[in-house]
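To start, the structure itself, in structure tokens.
Protein chains: 2
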Amino acid sequence: MSPNGSQARREEILRLATTTGLASVEELSRHFGVTASTIRRDLARLTADGRLARTYGGAMALNAHPEASLRQRTTEAYAQKRAIARWAAAQVQPGETVLLDAGSTVGALAHELRTARDLTVATTGLTALHELADVESVHVECLGGTLRPLSQAFVGPLTEAALERMTFDRVFLSADGVTADGGICEADLRQTRLKELMARRAARTYVLAHAAKLGRAPFHAWATLPQGWTLVTDSSATDADVAAFTERGIRVVLAEPVGEPAPLQEG
Amino acid sequence: MSPNGSQARREEILRLATTTGLASVEELSRHFGVTASTIRRDLARLTADGRLARTYGGAMALNAHPEASLRQRTTEAYAQKRAIARWAAAQVQPGETVLLDAGSTVGALAHELRTARDLTVATTGLTALHELADVESVHVECLGGTLRPLSQAFVGPLTEAALERMTFDRVFLSADGVTADGGICEADLRQTRLKELMARRAARTYVLAHAAKLGRAPFHAWATLPQGWTLVTDSSATDADVAAFTERGIRVVLAEPVGEPAPLQEG
DNA sequence: AGACTCTTGCGCATAACGCGCAGTCATGCG
DNA sequence: CGCATGACTGCGCGTTATGCGCAAGAGTCT
Chain G
1 MSPNGSQARR EEILRLATTT GLASVEELSR HFGVTASTIR RDLARLTADG
51 RLARTYGGAM ALNAHPEASL RQRTTEAYAQ KRAIARWAAA QVQPGETVLL
101 DAGSTVGALA HELRTARDLT VATTGLTALH ELADVESVHV ECLGGTLRPL
151 SQAFVGPLTE AALERMTFDR VFLSADGVTA DGGICEADLR QTRLKELMAR
201 RAARTYVLAH AAKLGRAPFH AWATLPQGWT LVTDSSATDA DVAAFTERGI
251 RVVLAEPVGE PAPLQEG
Chain Z
1 MSPNGSQARR EEILRLATTT GLASVEELSR HFGVTASTIR RDLARLTADG
51 RLARTYGGAM ALNAHPEASL RQRTTEAYAQ KRAIARWAAA QVQPGETVLL
101 DAGSTVGALA HELRTARDLT VATTGLTALH ELADVESVHV ECLGGTLRPL
151 SQAFVGPLTE AALERMTFDR VFLSADGVTA DGGICEADLR QTRLKELMAR
201 RAARTYVLAH AAKLGRAPFH AWATLPQGWT LVTDSSATDA DVAAFTERGI
251 RVVLAEPVGE PAPLQEG
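These protein sequences, in sequence, are chains G and Z. Using full-length UniProt numbering, the letters of the first sequence map in sequence onto residues 1 to 267. Using full-length UniProt numbering, the letters of the second sequence map in sequence onto residues 1 to 267.
Okay, structure coming up:
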């Protein structure tokens, strides 16, 4: 808080509100050690500037793609997915061109890449597209195709045709389920075929799947996991799960869900 | 309110809140002819269900793609754009395949098409994509391409390549400016070329532009307006403006911003 | 008919709100 | 240096919205 105390506090309020999705006057008051009046004044000002929306006991973020929207946060395995996304984002080097699949975990990765610079991101998912739509420092290519409403993913001939026109340094795939035997499990054969095509166009392939997805086979369309691919999961994966993959020449990474423990509990 | 009065009222409250973006307890109370207590109870219940967010004097919608988000509503010329969108949506017949450009007015059209059935929508704009992403009754194709951050539009080789694989019953184009002499004015030559290609693939071409855009030339990339195209604008266009277009064989439609006069002022 | 549920309207205590006033601190000017 | 100015904060006030309990009405099932 070096330059301007109140200004910095307002920015921090905004950050907290967008991170948490919701922030109460009382929490903020305690967090900054100022009276509720001051917080209220800040909120009034931020609201007048159209930067957040006032609620009864506090304020909420109004934009839908903040650091972690309320909706996202309520998603299951949020911490794990975020840990995986952070590890994956750290792999991406400046100047690279990467391909992002659809899915919530890869969407979280897209969010992490918002701060990247000198990066080209191509994607087959609406989530990633939306996460990066307003980021000027990232060049975004959409592969297009038929939109699957449930998974928010693009599939089909248009997608495959677009894929033939590009190659990538890294591709990050999602999965509905992953087993060491079968590989990636999806609901739809078009999706599995697309994943195979995507991997074929990239120098390095990563599969992002939190531990609960390991060993699961909720559907019946499969794409095999070749040697050399990297499976990124979280640290709650069992040793047996991990061993099954490593024995087959799959590199397994366990992302640790550290980071910020709880964003807004006392200061 | 035939089946269940309170249930229906809550749904209506939700609709009003999402339409208006914001609804006050007092307004709602007057609108339904019930006490503020009842409204408060309704709001508490809807909030508990996570369907809207409570504010001090009322409630606000929390999702970003409702009938008309707060953001949209604050957009200039909202009523005009909506009137244009409604007229355009009424042209679309069941079973057709239509192409939607980027832009806020066309985005409003996409919103109107949410209730359509047996319809295929292809688009070069992220706005339309997002409007229709969760609608199961509409088949959505994204043409893909490079995402222009400012206009949320796809342009470039991928988009053009995808266009070559489809034709359309109707295409709805947007414009940064429209003049009778020059035609459609845009910031970028890639955009104007794309619009020409789009029109070439469609049986009928509509240009959606509210009256304030007529005669304006904010940039310097142009696409001519051939005879047979339809320019859809709002009723605030001057006779001179309209005449300039009709003299050149352009059909001009003036959409009347009627519908709901003011969604929530007394009932 | 009687009991039950759901809902509504009303009154009241409480909490959050906006506003005005005074005090503090940093900055700028004569 | 002295003083005025402006931004910010804390405090107390009256106002307003809120939540809860209670009683009454409408509809349903036994």
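Positions of the beta carbon are idealized from the N, C-alpha and C atoms, including for glycine.
Drop a sphere of 10 angstroms on the beta-carbon of residue i, count the other beta-carbons inside from all chains shown, and report buried for 16 or more, exposed for fewer.
i                      : result
G5 of chain G          : exposed
R200 of chain G        : exposed
G177 of chain Z        : buried
E247 of chain G        : exposed
D181 of chain Z        : exposed
Q227 of chain Z        : exposed
A68 of chain G         : Unreliable placement is indicated for A68 of chain G, whose pLDDT of 45 sits below 50; the coordinate value is still reported in the next sentence. When all chains shown are included, A68 of chain G counts as buried.
P218 of chain G        : exposed
L16 of chain G         : buried
P257 of chain Z        : buried
G50 of chain G         : exposed
E131 of chain Z        : buried
G183 of chain G        : buried
D234 of chain Z        : buried
Q7 of chain G          : exposed
D118 of chain Z        : exposed
E27 of chain Z         : buried
E164 of chain Z        : exposed
G145 of chain Z        : buried
residue 273 of chain Z : The shown model of chain Z, from 1 to 267, leaves out residue 273 of chain Z, and the question about it has no answer.
S151 of chain Z        : buried
residue 300 of chain Z : Lying before the first or after the last residue shown, residue 300 of chain Z is absent from chain Z, which here runs from 1 to 267.
R148 of chain G        : buried
A88 of chain Z         : buried
A202 of chain Z        : buried
E186 of chain Z        : buried
T18 of chain Z         : buried
D134 of chain Z        : exposed
Would you mind telling me which residues of chain Z sit closer than 7 angstroms to residue i, beta carbon to beta carbon, in chain order?
i               : result
M198 of chain G : Ordered by position in chain Z, no residue passes the 7 angstroms Cβ test against M198 of chain G, which lies about 14 angstroms from the chain.
Which residues of chain Z have a Cβ atom closer than 9 angstroms to the Cβ of residue i, listed in chain order?
i               : result
A128 of chain G : Correct list: empty, because the minimum Cβ distance to chain Z is about 11 angstroms.
R165 of chain G : P157, L158 and A161
Below 8 angstroms on C-beta distance, what does residue i contact in chain G?
i               : result
G145 of chain Z : E141, C142 and G144
Applying a beta-carbon distance threshold of less than 7 angstroms, which residues of chain G neighbour residue i?
i               : result
D134 of chain Z : P149
R54 of chain Z  : T55 and Y56
Q152 of chain Z : A133
Can you pull the DSSP bridge partners for residue i?
i               : result
A221 of chain G : G:E186
G215 of chain Z : Note: G215 of chain Z sits in no beta bridge, so no partner.
D234 of chain G : G:A255
A202 of chain Z : Z:F168
V98 of chain Z  : Z:V121 and Z:R170
L208 of chain Z : Z:V232
Taking one C-beta from the segment 204-218 of chain Z and one from the segment 170-183 of chain Z each time, how about it: are there three or more such pairs within less than 8 angstroms? Cβ pair count under 8 angstroms is three or more, so yes.
Stretch pair the segment 140-158 of chain G + the segment 85-94 of chain G: three plus CB contacts closer than 8 angstroms: They do not touch, by the three-pair rule.
Minimum length 4: unbroken alpha helix (DSSP H) runs contained in the segment 128-190 of chain Z: Complete alpha helix (DSSP H) runs here, min 4: 157-163.
Counting beta carbon pairs with one atom in the segment 215-232 of chain G and one in the segment 43-59 of chain G, are three or more of them shorter than 8 angstroms? Too few Cβ pairs lie closer than 8 angstroms, so no.
Could you tell me whether the segment 98-114 of chain Z touches the segment 126-137 of chain Z, where touching means 3 or more Cβ pairs closer than 8 angstroms? Judged by Cβ distances under 8 angstroms, the segment 98-114 of chain Z makes contact with the segment 126-137 of chain Z, as three or more pairs qualify.
Ignoring anything shorter than 3 residues, give me the beta strand (DSSP E) runs that lie fully in the UniProt domain "HTH deoR-type" (6-61) of chain G, in order along the chain. For the UniProt domain "HTH deoR-type" (6-61) of chain G, whole beta strand (DSSP E) runs of length 3 or above, ordered along the chain, are 22-24 and 58-60.
For the pair the segment 9-25 of chain Z and the segment 54-61 of chain Z, tell me if three or more CB-CB distances fall below 8 angstroms. With a cut-off of 8 angstroms on Cβ pairs, the segment 9-25 of chain Z is in contact with the segment 54-61 of chain Z, counting three or more such pairs.
Would the segment 76-83 of chain G count as touching the segment 149-161 of chain G if we require 3 or more Cβ pairs under 8 angstroms? Between the segment 76-83 of chain G and the segment 149-161 of chain G, the count of Cβ pairs shorter than 8 angstroms is below three; the stretches do not touch.
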